[in-house]
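Visitor:
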Amino acid sequence: MKLLKATPESEHRGKRPAQLVSNPFIRAEVEMESEALQPFAEPDPLILGDRVVEPGPRAPLHANQSAAPLTTGPLQVWGLHGGAGASTLTTLLSEAGCDVVDAGRWDPSTAIEGPCVVVATTRGAGLAAVKAFAHAWHTGQLPAATVLGVVLVDDAPQQPKAMKKAAPGASGVLPRLWRIPWSEDLRMATSPSPDLPLSWRTRLSIKSIHRTYTSL
């Protein structure tokens with residue numbers, strides 16, 4: 001029996017053609033194999049990939065002002081909605097040696113003076129709150145605030161497709177974006193303790209926020 005040598009064309013015969021998908025991070029089309037051939041699996045599918053921080057505009061875009069003058073004082077952690085995770089983030093930063101205070105919940109009537117980070121979850125209300133805060137900052141409603149960035153806290157272990165599509169809208173609207181992944185340990189802890197196991201992203205994000213604050 002004569003054996004036929006496989007060719008590249010014959011090897012790929014029977015496979016479904018690759019499809020072009022839009023990558024929101026590089027704003028270009030990339031080729032990805034069909035999900036039927038290669039199951040979609042991404043260790044960190046929401047916004048940041050393997051990066052710890054996403055940079056954004058350092059000063060308001062539409063207000064007639066430069067970035068707010070750098071001010072002294074503790075780092076203020078503002079929750080943008082109920083259950084955002086501001087208290088937990090404050091505790092983690094404090095344990096890392098940061099001079100930090102839980103400033104409570106921000107609303108559009110609240111004035112902020114000094115360095116701050118804001119916190120929101122990845123659910124719809126959280127992402128809408130990030131956009132509302134960014135609008136207030138960009139339109140000059142927070143002239144005395146030195147906004148370091150926003151921290152997004154995962155709202156669930158697995159992010160639904162709708163959330164993955166909506167979450168990139170929170171990227172690039174504030175000076176920096178950090179992300180705290182879902183953690184059952186953090187969720188169940190009454191107060192985070194130094195021996196609580198944290199993911200690599202959470203640990204590096206806390207260090208990055210602390211370093212950003214101390215470099216002011």
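Read in order, the letters of the sequence shown correspond to residues 1 to 216 in the UniProt record's numbering. All C-beta atoms in this analysis are idealised placements derived from N, C-alpha and C, irrespective of residue type, glycine included. Note that this is a predicted model, so its numbers are computed, not measured.
Step through the CB atoms of chain D and report whether any lies within less than 8 Å of the CB of Ser-87.
Guide: Among the chains of the structure shown, chain D does not appear; only one protein chain is present.
Visitor: Starting from the N-terminal side, write out each stretch of the beta strand (DSSP E) that is 3 residues or longer and does not extend beyond the region 101-167.
Guide: Runs found: 114-121 and 145-153.
Visitor: Throw me the rounded Cβ distance for the Leu-89 and Val-119 pair, which I believe falls under 8 Å.
Guide: About 5 Å separates the two Cβ atoms, so the contact holds.
Visitor: Note down the Cα distance separating Ala-133 from Ile-180, rounded to an integer number of angstroms.
Guide: Residue identity check: residue 133 is Phe in the sequence provided, not Ala. Taking the straight line from one Cα to the other gives about 19 Å.
Visitor: Quick check on Arg-176: does DSSP put it in helix, strand or coil?
Guide: Strand, per DSSP.
Visitor: Between Ala-128 and Val-150, is the Cβ-Cβ spacing less than 8 Å?
Guide: Cβ distance not < 8 Å, so Ala-128 and Val-150 don't count as in contact.
Visitor: Taking the alpha-carbon of Gln-158 as reference, which of Arg-123, Thr-110, Gly-85 and Leu-93 has the nearest alpha-carbon?
Guide: It is Arg-123.
Visitor: Quick test of your reading: Ala-84 and Thr-121, contact by CB under 8 Å. State the CB separation rounded to the nearest angstrom.
Guide: Going by Cβ atoms, the distance from Ala-84 to Thr-121 rounds to 6 Å, so yes, they are a contact pair.
Visitor: Spell out the partners DSSP gives Trp-78 in its beta bridges.
Guide: Answer is Gly-104 and Val-118.
Visitor: Which residue from Val-77, Arg-58, Gly-79 and Thr-91 puts its Cα closest to that of Arg-203?
Guide: Considering only alpha carbons, the answer is Thr-91.
Visitor: Where Cys-98 and Thr-212 are concerned, what is the direct C-alpha to C-alpha distance, given to the nearest angstrom?
Guide: Cα to Cα, Cys-98 sits roughly 11 Å from Thr-212.
Visitor: Tell me which residue opens and which closes the alpha helix (DSSP H) that Thr-88 is part of.
Guide: Here the alpha helix (DSSP H) through Thr-88 covers 86-95.
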